[in-house]
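The sequence shown maps to residues 1 to 332 in UniProt numbering. Backbone N, C-alpha and C define an ideal beta-carbon position, used for all residues, glycine too. Comments concern the structure below.
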Amino acid sequence: MYHGFTIHSIVMKSTFNHLSHSTTHLLLFLPLTLLILGCIFYPNNNLLSFFTTSFRTCSTANDASEAPPPFDDAKLNIFFGILTMPQLHERRHLIRSVYSIQTHNLLSAKVNVRFIFCNSIKDEEVKMFLALEITLYGDIVLLDCVENMNDGKTYTYFSSLPSLVSNGHDRPYDYVVKADDDAYFQLENLASFLKDKPREDLYYGMEMSCDLLNGMCGAHNTFMAGFGYVLSWDLVEWIAESDIARNNKTGFEDVMLAKWLNTEGKGKNRYDGVPAMYDYKGNLPEKRNRHDFIPETVAIHKLKADAQWAKTLEYFNVTNILKPYKLHRNFR
Ligand SMILES: *[C@@H]1O[C@H](CO)[C@@H](O)[C@H](O)[C@H]1NC(C)=O
Ligand SMILES: *[C@@H]1O[C@H](CO)[C@@H](O)[C@H](O)[C@H]1NC(C)=O
């Protein structure tokens, strides 16, 4: 129980640490913060209608009473969107815990982790559990789309972001990540990699050749594997305005994204994440982008089973912050 409570309070702090670093203040401001976050991220969402009807503030979501601007000049600002599906509450719980521990301890970067779905949720139970998560964590973004993988969700994600998160700022983030729910990122390593890289025209991920794709992503060029890649903010803005993106949404989402960039000569600051980005090896044979854990890991892909997640978390010492305490003295 205590263990659970600890992680829970970390989640709260990291989500709302722009308001206060003290738990007491946090609790005081919690309802207001939830309301503000709710208004920013779900302006048209009826899940939140109980807020809109209870609090007048929601109707003035665009005035100065909004949350402070996300940009922190002293740090790298990263929007970290995980594309997943509404019904996967349990996986989300794990991923949220894993990143909450990390973002709490990050010194060099401010990483806003958000879960991204389409708003086409029919199931009443799923809606209720989601409302619970929204109320508690405020880390869910609902896009105006029908749930899909290769039918334009990635396009909707990138093209919606500027209007969702800019909040009147030219560059609310340095970088935007698109990650899948079977990937694990070491955020500190991601931040140190990006720290001295260009803030413009950057495209970073596990680089794959387009050679076998019959020109789908542009001949003699590359794409970044879809489980997790990074774009600089200017490219996200470009996608939101681009005709080629709007007219070429369907197909493998990672290949299509590369097609937009490659066709228009974008993403010139292109960095291959291999070997720091790779597939989980397990008992499979090693290859260029599949190998054992390495300390300099930025991202690992193909974490499907709980056992694979557990091995990964163990290798990266994710729970080493667990202090000896009489209520979990015999744990491990
Ligand atoms: C891709 O986008 C371009 C530019 O808007 C357009 O001319 C072309 O028809 C699109 N391709 C497909 C397959 O839709
Ligand atoms: C995890 O902790 C052990 C023991 O302190 C250390 O030797 C190891 O290098 C750490 N692993 C990583 C990936 O940081």
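Going along the chain, which residues of its own chain have a beta-carbon closer than 8 Å to the beta-carbon of W260, five neighbours each way excluded?
I239, S242, I244, A245, N248, K266
key: Rounded separation between Y204 and L231 - CA only   = 7 Å
When you measure from the CB of N317 to every non-hydrogen atom of ligand 2, does any distance come out below 7 Å? yes
- Item | Residues near R288 in its chain [Cβ-Cβ closer than 7 Å; skip 5 each side] | V274
Quick check on the DSSP output: the alpha helix (DSSP H) that includes F79 runs from which residue to which? Counting along the chain, F79 falls outside any alpha helix (DSSP H), though it belongs to the beta strand (DSSP E) covering 76–83.
Q: Would you check whether ligand 1 has a heavy atom nearer than 7 Å to the C-beta of D243?
A: yes
* Since S160 and L187 are thought to touch, with beta carbons under 8 Å apart, how far apart are those beta carbons, to the nearest angstrom? -> At roughly 23 Å, the Cβ-Cβ gap does not stay under 8 Å, so S160 and L187 are not in contact.
Examine ligand 2 and report whether any of its heavy atoms sits within less than 7 Å of the Cβ of P295.
-> yes
Is V113 closer than 8 Å to D139 when the C-beta atoms are compared? yes
Which two residues bound the contiguous alpha helix (DSSP H) that contains H89? 89–105
Practice item. Look at Y229 and K178 and say whether their C-beta atoms are less than 8 Å apart. Key: yes
Problem set entry | Distance, Y99 Cα to N317 Cα | 13 Å
- Item | contact_flag[the region 118–134, the region 145–165] where n(CB pairs < 8 Å) is 3 or more | yes
Can you check DSSP and say which residues form a bridge with V176?
F79, L231
Where L32 sits in the DSSP three-state scheme
For L32, the pLDDT reaches just 41, beneath the cut-off of 50, and the residue's location in the model is therefore unreliable, leaving the point undetermined.
**Q.** Start-end ranges of the alpha helix (DSSP H) lying completely within the region 94–165, minimum 4 residues
**A.** 124–137, 153–165
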